[in-house]
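Worksheet for the structure shown next.
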Amino acid sequence: MSTFKAPKGTYDLIPPVSETFLAVRDALSAPLRRAGYGYVETPGFESVELFARGVGESTDIVTKEMYTLTTKGGDELALRPEGTASVLRAALEASLHKAGNLPVKLWYSGSYYRYERPQKGRYRHFSQVGAEAIGAEDPALDAELIILAVDAYKSLGLRNFRLLLNSLGDKECRPVYRAALQEFLRGLDLDEDTRRRIDINPLRVLDDKREAVQKQLTGAPMMRDHLCEACKAYHEQVRELLTAAGVEFEDDPKLVRGLDYYTRTTFEFVHDGLGSQSAVGGGGRYDGLSEMIGGPELPSVGWALGVDRTVLALEAEGVELQLPASTQVFTVPLGEEARRTLFGVVTELRRAGIATDFAYGGKGLKNAMKSANRSGARYAIVAGERDLAEGAVQLKDLQSGEQAPVALGEIVAELRRKLA
Ligand code: ATP
Ligand code: MG
44 MSTFKAPKGT
54 YDLIPPVSET
64 FLAVRDALSA
74 PLRRAGYGYV
84 ETPGFESVEL
94 FARGVGESTD
104 IVTKEMYTLT
114 TKGGDELALR
124 PEGTASVLRA
134 ALEASLHKAG
144 NLPVKLWYSG
154 SYYRYERPQK
164 GRYRHFSQVG
174 AEAIGAEDPA
184 LDAELIILAV
194 DAYKSLGLRN
204 FRLLLNSLGD
214 KECRPVYRAA
224 LQEFLRGLDL
234 DEDTRRRIDI
244 NPLRVLDDKR
254 EAVQKQLTGA
264 PMMRDHLCEA
274 CKAYHEQVRE
284 LLTAAGVEFE
294 DDPKLVRGLD
304 YYTRTTFEFV
314 HDGLGSQSAV
324 GGGGRYDGLS
334 EMIGGPELPS
344 VGWALGVDRT
354 VLALEAEGVE
364 LQLPASTQVF
374 TVPLGEEARR
384 TLFGVVTELR
394 RAGIATDFAY
404 GGKGLKNAMK
414 SANRSGARYA
424 IVAGERDLAE
434 GAVQLKDLQS
444 GEQAPVALGE
454 IVAELRRKLA
């Protein structure tokens with residue numbers, strides 16, 4: 044062990060778990076790539092102000108969880124705590140919304156940073172795969188994104204996840220509801236912090252995890268009873284499209300994203316095997332966000348799925364992914380001349396698309412065969428001076444133990460045939 048350890052709240056991805064991680068990232072994004080979403084990559088840090096406005100001054104993310112820093116040049120930056128604000132910023136900066144093809148559909152994958160209290164499933168560095176559809180208001184677009192997330196989870200073999208769904212209304216009906224909720228909340232027995240929240244972010248109070256608060260919320264006005272006709276119709280269409288696609292959901296009238304520019308459709312995916320860190324993904328419509336960061340009106344919808352928690356969910360369900368073998372052929376030279384010749388064969392095999400490894404470090408036959416078995420390879424190539432003098436190598440099937448000579452000039456073609 045070295046003197047150093049990974050920082051608190053972080054962990055390293057190392058083989059073989061890292062392979063699962065890669066496969067999960069891949070599976071979560073595959074449905075997006077088949078649905079017209081283009082890949083976007085933004086910097087790991089942005090101006091603090093972007094997140095203050097784009098995520099919201101009153102959110103836990105901005106008030107407590109951001110890693111901020113001042114550069115030597117005096118810029119106030121933050122490590123990105125989430126993806127939506129950056130992706131929208133990038134789309135606006137490149138004028139993607141002016142190319143005449145709305146919605147602009149983008150997906151991303153990367154590291155995010157939040158100063159949280161570390162627990163299982165809650166880290167200070169974590170990974171998300173996300174998607175944003177910018178510049179269109181259409182219930183089919185909301186439904187599309189939800190369906191793509193469900194299909195992604197299912198493609199991994201996950202079963203015990205649930206979709207929670209709600210509508211947050213729009214700029215017509217939400218203010219009326221917000222006022223009604225504020226009036227209700229002001230009559231409750233709440234601590235000072237929560238009282239302050241009533242003024243700046245009252246919907247968030249509905250989301251309070253404490254039982255003493257939840258008890259008092261019985262009888263609180265609910266957004267779903269205050270939706271205007273347009274929002275009701277929109278939500279009904281989203282629900283119908285999901286049902287038609289065979290996607291089950293649960294209505295959760297308390298599911299909120301408290302910020303004013305989050306509108307209409309809001310949803311969360313929860314997994315029942317993860318204890319209190321149960322949210323594996325979430326998203327919704329954010330029709331007012333573009334204007335909040337200085338852009339034009341661009342109604343949009345998106346989601347972010349947590350890769351770390353999805354991996355934990357797979358473990359909780361006992362799902363083992365079928366990963367391709369990282370090594371198919373392991374090559375064991377006996378002696379200097381064989382070393383040079385077989386190293387050439389290794390390169391040829393790799394160029395032919397066959398995952399191949401080599402017994403490095405001048406190991407003896409016994410140790411080299413141990414490495415071959417440990418590598419997970421199906422075949423080993425073994426050759427010494429006598430084999431090479433006859434223009435051959437020994438090809439060993441590591442599953443059956445059978446071994447036979449193959450002409451050196453034939454070995455690539457032979458392995459191609461066997462592994463096809
Ligand atoms: P939570 O309620 O658990 O704090 P959140 O609402 O902050 O989640 P989002 O901002 O919606 O989460 O992020 C989307 C997804 O990213 C979450 O559903 C979760 O799977 C994952 N995620 C968020 N924060 C963390 C974290 N600190 N560590 C690991 N995964 C996280
Ligand atoms: Mg959080």
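Whatever position you read off the sequence shown (first residue = 1), add 43 for my numbering. Where a beta carbon is used, it is the ideal one built from N, C-alpha and C, also for glycine. What you are looking at is a predicted structure, and each value in this text was computed from that prediction instead of being measured.
For isoleucine 454 against valine 436, the beta-carbon gap comes to about 6 Å, under 8 Å, which counts as contact. Of the residues assessed, serine 414 falls on the buried side of the cut-off, its CB having 16 or more other CB atoms within 10 angstroms. In the displayed model, serine 369 falls within coil according to three-state DSSP, outside both helix and strand. In the three-state reduction of the DSSP assignment, leucine 249 falls in the coil class, being assigned neither a helical nor a strand state.
Setting aside the 5 residues that flank it on each side, leucine 224 is surrounded in the same chain by Pro245 and Pro264, each with a C-beta closer than 6 Å to its C-beta; the list follows chain order. In this structure, aspartate 103 has its beta carbon less than 7 Å from a heavy atom of the ligand MG. If you check the CB distance, valine 375 and leucine 348 do not come in under 8 Å. Straight-line measurement puts the Cα of arginine 352 at about 26 Å from the Cα of phenylalanine 47.
Shortest Cα-Cα distance from alanine 134 to any of Arg165, Tyr82 and Gly87 involves Tyr82.
Cβ contact annotation for leucine 56 (same chain, cutoff 6 Å, sequence separation greater than five): Phe64, in chain order. Sorting Leu438, Phe204 and Tyr156 by C-alpha distance to the C-alpha of alanine 322 places Phe204 at the top. Here the C-alpha atom of phenylalanine 310 lies approximately 35 Å from the C-alpha atom of threonine 113. Remark: the shortest separation between the CB of tyrosine 166 and any heavy atom of the ligand ATP falls under 7 Å.
Within the model, the alpha-carbon separation for glycine 99 versus glutamate 62 is close to 35 Å.
Closest in alpha carbon position to tyrosine 304, among Val372, Leu71, Phe88 and Ser101, is Ser101. Contact annotation: phenylalanine 386 and phenylalanine 401 have beta-carbon atoms nearer than 8 Å. The count of Cβ pairs closer than 8 Å, one atom from the region 204-223 and one from the region 172-182, stays below three, leaving the stretches out of contact. In this structure, the straight-line span from the alpha carbon of glutamate 254 to that of methionine 335 is close to 34 Å.
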